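As C-alpha cells, the structure follows; a few thoughts come after it.
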Amino acid sequence: MRKRLLSLLLAVVMTVLLAVPVNADTTDDGYTGFATRLYTVVLGRDPDPSGLYDWSNRLRTRQISFADCARGFLFSPEFVSKNVNDAEYVSVLYRTFLDREPDGDGLSYWTGRLASGSVNRSSIVEGFSNSSEFAELCRHYSGTPASGNGITVCIDPGHSGVVASGYVPLGPGSSDMKLADTSGTRGRFSGVAEYVLTMQIADQLRAELEARGYNVIMTRYDNSTPVDCVTRAQIGNEGADIMVRLHFDGLDNSSVSGAHAIVIAQDNPWNPQTYAGSARLGRCIIDSYCSATGIRNRGVFEQNNMTGNNWSTIPCVLLEMGFMTNQYDDLYMTDPENQPAMVNGIANGIDAYFAS
Ligand SMILES: [Zn+2]
Numbered sequence: 024m025r026k027r028l029l030s031l032l033l034a035v036v037m038t039v040l041l042a043v044p045v046n047a048d049t050t051d052d053g054y055t056g057f058a059t060r061l062y063t064v065v066l067g068r069d070p071d072p073s074g075l076y077d078w079s080n081r082l083r084t085r086q087i088s089f090a091d092c093a094r095g096f097l098f099s100p101e102f103v104s105k106n107v108n109d110a111e112y113v114s115v116l117y118r119t120f121l122d123r124e125p126d127g128d129g130l131s132y133w134t135g136r137l138a139s140g141s142v143n144r145s146s147i148v149e150g151f152s153n154s155s156e157f158a159e160l161c162r163h164y165s166g167t168p169a170s171g172n173g174i175t176v177c178i179d180p181g182h183s184g185v186v187a188s189g190y191v192p193l194g195p196g197s198s199d200m201k202l203a204d205t206s207g208t209r210g211r212f213s214g215v216a217e218y219v220l221t222m223q224i225a226d227q228l229r230a231e232l233e234a235r236g237y238n239v240i241m242t243r244y245d246n247s248t249p250v251d252c253v254t255r256a257q258i259g260n261e262g263a264d265i266m267v268r269l270h271f272d273g274l275d276n277s278s279v280s281g282a283h284a285i286v287i288a289q290d291n292p293w294n295p296q297t298y299a300g301s302a303r304l305g306r307c308i309i310d311s312y313c314s315a316t317g318i319r320n321r322g323v324f325e326q327n328n329m330t331g332n333n334w335s336t337i338p339c340v341l342l343e344m345g346f347m348t349n350q351y352d353d354l355y356m357t358d359p360e361n362q363p364a365m366v367n368g369i370a371n372g373i374d375a376y377f378a379s
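Sequential numbering of the sequence shown, starting at 24, is according to our numbering.
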C-alpha cells in the first residue's frame, strides 16, 4: 500500500515537472530587467527576443559589465541614427544611468559643456557610468543577496587563456593608456600558466567563501574569456562589497620569493576614498595568507599603476600569492595539497576584515 502511494506520488511529481518547460526560467532575472529597460529608455521600443536574450546572457555570464551594456545601446547605430539633440541626449543619460529625469541645473550644466566643446558625448557617458548612483542601480539589478551574511565578494582570477586586446585608461578619465590585460607569468619549475592557477585558486576560494556565508561573484569563470582590467573593476563595482584580485609573481631572478598585496596609494587621483578600506583589507589578507601557508610576507605595497585597482570604487586588493619563478614558491603553490591552506588563509583574512 505504501509502495503504491509512493509511486502515485512520484507520478504526480513527474507530471508537474514535465509540464514546466525546461527553458522557461533564467530569462526573468535582473539582467533581463536591465537590458529590457535599455530598450525602453534608449531605443524607445520593446525588445526583440533574440537581442534581449543576447544582451542579458552576456550580462549574466559576466562577459560584459552593466556599463558595457549601456554603452552598447548608446553607441548602437539604431540610437545614433536618431540624431537626438544635446538636451535629449543628456536626458537619455540621466534615465539610463541614474534612473531619473534630469534636474534643471544638471541639464543646463551638461548641455552647456557639450555646446562649448569642453566635453563630448562619449566622455559624459564615462562620467555617468562611473557615478555612485549608477553603481547603486546595478546593485539593484544584480540582486542583493537575500541569504548568507549579506556580504558580496568579487574574486578576480588574474589574466586569462585569451588575453583582452587593446588599451584602457589607467584610471577613470586618464589619458595614460595601459594594456587592457596581459598574459601573466608561468611556473619555471611546474610549467603551470599563471591564469590556470589563478582560476584554480579562485574556484576553491569561491566555494570556501560561499560555505562561510558570503555571496561570491567572479570576473571570469573560465580560461577562454578575455576580460580587460576596466571591466574586471566594473564587475566588482556593480555588485560587490570588496574586490580580491588573485595573481602570482614572476621575475628573472629566481631567488626572489614571497607574497605581497597591492593597493592604491593614499594620493590616488581616481578613487582615494577606497584607500583606507583597501589598505586594511590588504593587511588582513596578506598577514593571514602568509601565516596559513608559511610563504614569506613581503607586506602591502601602495601604488597607483594598477588599472583594475584604480577603477575600483570598492575596497580592492591585488594579491600576489608568491613567485612562480622561485622553486620553493612555485612547487608549493601548484601542489593541490597546499591549496586549501592558501584558500583558508585568504578567507580568514576576509573574515578578519569584516570582523574588525
Ligand atoms: Zn599576474
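By construction, the Cβ of each residue, glycine as well, lies at the ideal position given by its N, Cα and C atoms. Only a predicted model underlies this, so the values are computations on that prediction, with no experimental measurement involved.
Indicate the three-state DSSP secondary structure (helix, strand or coil) for residue i in the structure shown.
{"i": "Val286", "result": "strand"}
{"i": "Arg209", "result": "strand"}
{"i": "Met365", "result": "helix"}
{"i": "Tyr164", "result": "helix"}
{"i": "Phe271", "result": "strand"}
{"i": "Glu360", "result": "coil"}
{"i": "Ile258", "result": "helix"}
{"i": "Lys201", "result": "strand"}
{"i": "Leu193", "result": "coil"}
{"i": "Pro100", "result": "helix"}
{"i": "Gln326", "result": "coil"}
{"i": "Thr175", "result": "strand"}
{"i": "Glu149", "result": "helix"}
{"i": "Glu156", "result": "helix"}
{"i": "Val113", "result": "helix"}
{"i": "Ile318", "result": "coil"}
{"i": "Arg123", "result": "coil"}
{"i": "Ser139", "result": "helix"}
{"i": "Asp374", "result": "helix"}
{"i": "Arg235", "result": "coil"}
{"i": "Gln296", "result": "helix"}
{"i": "Thr134", "result": "helix"}
Do residue i and residue j have their C-beta atoms within less than 8 Å of each other?
{"i": "Ser165", "j": "Phe120", "result": "no"}
{"i": "Leu269", "j": "Ile178", "result": "yes"}
{"i": "Thr297", "j": "Gln86", "result": "no"}
{"i": "Ser213", "j": "Leu354", "result": "yes"}
{"i": "Val366", "j": "Leu228", "result": "yes"}
{"i": "Ile318", "j": "Asp358", "result": "no"}
{"i": "Thr134", "j": "Val103", "result": "no"}
{"i": "Ser398", "j": "Val253", "result": "Nothing can be reported for residue 398, as the shown portion of the chain is limited to 24 through 379."}
{"i": "Gly189", "j": "Gly207", "result": "no"}
{"i": "Gly305", "j": "Ala284", "result": "yes"}
{"i": "Val323", "j": "Ile309", "result": "yes"}
{"i": "Ala299", "j": "Gln326", "result": "no"}
With residue i and residue j assumed to form a contact (beta carbons below 8 Å), what rounded beta-carbon distance in angstroms separates them?
{"i": "Ala93", "j": "Leu137", "result": "The pair is not a contact, with the Cβ atoms about 18 Å apart (cut-off 8 Å)."}
{"i": "Ala58", "j": "Pro70", "result": "7 Å"}
{"i": "Asn333", "j": "Leu193", "result": "6 Å"}
{"i": "Arg235", "j": "Ala370", "result": "6 Å"}
{"i": "Arg211", "j": "Ser280", "result": "Contact flag wrong, Cβ pair sits at about 12 Å."}
{"i": "Asp264", "j": "Val176", "result": "7 Å"}
Any heavy atom of ligand 1 closer than 7 Å to the Cβ of residue i?
{"i": "Phe271", "result": "yes"}
{"i": "Gly207", "result": "yes"}
{"i": "Arg283", "result": "Here the sequence assigns His to residue 283, which means Arg is not the residue at that position. His283 Cβ: outside cutoff for every heavy atom of ligand 1."}
{"i": "Gly181", "result": "yes"}
{"i": "Pro231", "result": "The sequence given here has Glu at residue 231, not Pro. No, the beta carbon of Glu231 sits no closer than 7 Å to any heavy atom of ligand 1."}
{"i": "Glu360", "result": "no"}
{"i": "Glu149", "result": "no"}
{"i": "Glu217", "result": "yes"}
Going by the DSSP bridge assignment, what does residue i pair with across the sheet?
{"i": "Ala216", "result": "Arg209"}
{"i": "Met241", "result": "Ile178"}
{"i": "Leu340", "result": "One detail in the question is off: residue 340 reads as Val in this sequence, not Leu. Note: Val340 sits in a beta bridge opposite Val267."}
{"i": "Phe346", "result": "Asp272"}
Compare the C-beta of residue i with all C-beta atoms of chain D and state if any pair is closer than 8 Å.
{"i": "His270", "result": "Protein chain content of the structure displayed is limited to a single chain, and chain D is not contained in it."}
Does ligand 2 have even one heavy atom less than 7 Å from the beta-carbon of residue i?
{"i": "Gly184", "result": "By its list of ligands, the structure shown excludes ligand 2, since it contains just ligand 1."}
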